[in-house]
Amino acid sequence: MSPILEVRGVIKRFGGVAAVNGVSLALEPGRIYGLIGPNGSGKTTLFNCITGVDQADEGEILFKGRRIERLKPHQIFHLGMGRTFQVIRVFPELTALENLLVVTTSGYSEARRRAQELLALVKLERLAEEFAGNLSYGQQKLVEFIRVLMTDPEMILLDEPAAGVNRTLLNELLDAVRRLRDQGKTVLLVEHDMKVVMGLCETVFVLDHGENLAQGAPGVIQADERVIEAYFGR
Amino acid sequence: MKRWFPVALGLAAVGLALYPVQATGYGIRVMLQLFMWIALAQSWNLISGLTGYVSFGHVAFFGMGSYASSLLIVKAGWPWPVACLGGGAMAAVLALVIGWPCLRLKGPYFAIAMLGLNEVLRVIASYYEGLTGGGNGLSLPTLDASVQIYYAMGLVAAAVTVVTYFILTSRFGLRLMTIREDEVAAEAMGIDTLRYKLYAFLLSAAGPGIVGGLSARDQGYIEPISVFPLVMTITMIVMVLFGGKGTIWGPVLGATLLFAFQEAVWARFIYLHQLLFGAIIVAVVLLMPRGILGVLQQKYNLPRTI
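Line order of the protein sequences matches chains A and B. For the record, in the first sequence the residue sitting at position 123 is 131 according to this note's numbering, with numbers rising by one throughout. For the record, in the second sequence the residue sitting at position 208 is 1516 according to this note's numbering, with numbers rising by one throughout.
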């Protein structure tokens, strides 16, 4: 099958530091991918390049066969790629419901119906009218997660979905991610929690110092000498 | 919204509509200026209260409207109501031209750029004597129309407030607020932030443009320092902050209270007035950064459509 997302030799420099230094990835549709690596290995920067938040200095990014590396974030979003952030970025002085309503381009009543449905999915319907900034950390995380789903994107990038989330909530979140995969969506997630990565992802990419280090099934990656060395040193 | 509120609003509107029948010329001029300040504060609220882009040179649109309308009256012979609308249109065009590059700037950089714009316009108005009369100013033909201008000013103030109401209750308004809340996230969630900011900026410039024209017609004479004063921008900002930014009635409340205060104190104590005005600015920023309605909103969990 042809890849839904293809990253070819992407380089992103900040001053003299190449945060991402020639990374290439290819993701097939309908699968869950993990992106791991030690701190500073370029995971979030790569996310930002893919979603248009940062502009890659070199290289190509193709989404559904279309070059997107020069597009703006809102344009990429409307092609069908949604993301969450490492640090929560809900709109604090908008209600949970409004956080969802601003996202879609569909009609108001349709958007409202979809928003209620998603709030119910994560059991937040009671808090729909509450300001997002007043919700707990975990609840905000859920709002951010379902906000991405408002437009039913084909591809979803999750930046550390498990960080700071309790076990029960986490399991619900992971189930939701699997359901998305079963609906044919592609998921790419950055995660530090190895249990989550190994239990959820079908293919794992490992970055180190902004470069591809390894890729493969979770079991293979876990046993890979280079990966162990990158994380723990020699 | 409580039942009595629309009734009170209707009564106020009728009262204000009938006011010129028995008011003195001075009374009409005072109320006309109040309407002007409401329109200006409300317009500033549209861009800065909603998107968080603090325009520190919003009086530029007022000055632009003043000059454009006056020139349309003096040089092109347009009737003043049409000329004032023309002034609003010119201010909106200016907002488009300036907003396109400047709304890409973030935070203080945008504020400073707007401040610079105002200074540049003032210099241009002083320099091109052939067109604007330069530092000598521009006199308009004499005309006694303060009652008509009173109504026109009132209509503009009401119109900007109504527009604010519709924006605040729409998804367009919510999207403007996402820019204030977190612009990066707004972009990533598919909101074309530049386009939205430009729309808000255009809307926020048109009102001051029209008001600038009406004010010029009312005064009968304009000069660069009288229509591009920095203190006017600061007054707009303080009025909105005092009343409550990002709300519908905050700018109206802030403008009314501060204007009444100015009228009461200004004539009697010119220096004390400036001192007190400065003290109010400091007090608002330190003690009540959300303004009167902002505080009430938080305390009683009121909707933002107050």
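Think of the CB as a built atom: it goes at the ideal place given N, C-alpha and C, for glycine as much as any other residue.
Leaving out five residues on either side along the sequence, give the residues of the same chain with a beta carbon under 8 Å from the beta carbon of residue i.
i: A:I69; result: L13, E14, V15, R16, V18, C57, I58, R75, I76 and E77
i: A:T52; result: Q94, D167 and V198
i: B:V1411; result: For clarity, residue 1411 of chain B is Leu in the given sequence; the question names Val instead. Y1361, F1418, L1502, K1505, L1506 and F1509.
i: B:Y1436; result: G1442
i: A:L225; result: Here residue 225 of chain A is Ala; the residue named in the question, Leu, does not match the sequence. The residues are E210, T211 and V212.
i: B:W1574; result: H1581
Apart from the five residues just before and just after residue i, which ones in its own chain have a Cβ nearer than 7 Å to its Cβ?
i: A:L188; result: I164 and V195
i: A:L178; result: A170
i: A:V28; result: V18, I19, K20, G50, T53, L54, C57 and G218
i: B:T1440; result: Y1375, A1433 and L1446
i: B:R1337; result: S1454
i: B:A1391; result: S1377, L1380, I1381 and G1521
i: B:T1469; result: Q1350, I1556 and V1560
Using a C-beta cutoff of 7 Å, does residue i count as contacting chain B?
i: A:R74; result: no
i: A:P7; result: Coverage of chain A is limited to positions 9 through 242, which leaves residue 7 of chain A absent and any answer about it impossible.
i: A:E233; result: no
i: A:F240; result: no
i: A:V110; result: yes
i: A:F85; result: yes
i: A:R91; result: yes
i: A:R39; result: no
i: A:R186; result: no
i: A:R97; result: yes
In chain order, what residues of the same chain have a beta carbon less than 6 Å from the beta carbon of residue i, not counting five sequence neighbours either side?
i: A:N107; result: V98, F99, A140, V151 and R155
i: B:W1386; result: L1380
i: B:S1447; result: Y1529
i: A:G88; result: P161 and E162
i: B:G1552; result: G1558, G1599, I1600, L1601 and G1602
i: B:S1512; result: S1351, L1354 and I1355
i: A:G38; result: G192
i: A:G67; result: R16, G17, V18 and I19
Got a sec: is the Cβ-Cβ distance from residue i to anything in chain A below 7 Å?
i: B:M1540; result: no
i: B:E1489; result: yes
i: B:A1572; result: no
i: B:A1399; result: no
i: B:A1376; result: no
i: B:A1421; result: no
i: B:A1493; result: yes
Whole-angstrom Cβ separation of residue i and residue j, contact assumed at under 8 Å?
i: B:N1353; j: B:V1548; result: 5 Å
i: B:T1555; j: B:L1601; result: 5 Å
i: A:G45; j: A:D216; result: 6 Å
i: A:G146; j: A:N174; result: 6 Å
i: B:L1326; j: B:D1526; result: Between B:D1526 and B:L1326 the Cβ distance is about 20 Å, and since that is not below 8 Å, they are no contact.
i: B:G1498; j: A:F85; result: 4 Å
i: B:L1402; j: B:M1372; result: 5 Å
i: A:L105; j: A:E137; result: 6 Å
i: A:R122; j: A:T112; result: 7 Å
i: A:F153; j: A:T92; result: 6 Å
i: B:A1368; j: B:F1536; result: 7 Å
When DSSP builds the beta bridges, which residues end up paired with residue i?
i: B:G1365; result: Paired residue(s): none; B:G1365 is not in a bridge.
i: A:M163; result: A:M89 and A:T194
i: A:G50; result: None, per the DSSP bridge assignment.
i: B:K1505; result: Partner(s): none; B:K1505 has no beta bridge.
i: A:L43; result: A:V198 and A:F213
i: A:G224; result: A:V212
i: A:V156; result: For A:V156, which the question treats as bridged, DSSP gives no partner whatsoever.
i: A:V31; result: A:V18
i: A:V25; result: A:F22
i: A:E68; result: A:R16
i: A:E219; result: A:D216
i: B:L1446; result: B:I1530
Problem - chain A contacts made by the segment 1463-1486 of chain B, where a contact means CB separation under 8 Å - result: The segment 1463-1486 of chain B vs chain A, Cβ under 8 Å: R1479, L1482, R1483, M1485 and T1486.
Practice task
Would you list, in chain order, the members of the segment 1495-1508 of chain B that have their beta-carbon closer than 8 Å to a beta-carbon of chain A?
Solution key: Along the segment 1495-1508 of chain B, going in chain order, the ones with a CB nearer than 8 Å to a CB of chain A are E1495, A1496, M1497, G1498, I1499, D1500 and T1501.
Practice task
Return the residues of the segment 46-80 of chain A that lie within a Cβ-Cβ distance of less than 9 Å from chain B, sorted by chain order.
Solution key: The residues in question are T59, G60, V61 and K80.
Handout entry: Contact set between the segment 100-125 of chain A and chain B, restricted to residues whose Cβ is under 9 Å from the partner
Key = Against chain B - using a Cβ distance shorter than 9 Å - the residues of the segment 100-125 of chain A are P100, E101, L102, E106, N107, L109, V110, V111, T112, T113, Y116 and A119.
Practice task
Could you list the residues in the segment 146-174 of chain A with a C-beta less than 9 Å from some C-beta on chain B, going in chain order?
Solution key: The segment 146-174 of chain A vs chain B, Cβ under 9 Å: E152, R155, V156, M158 and T159.
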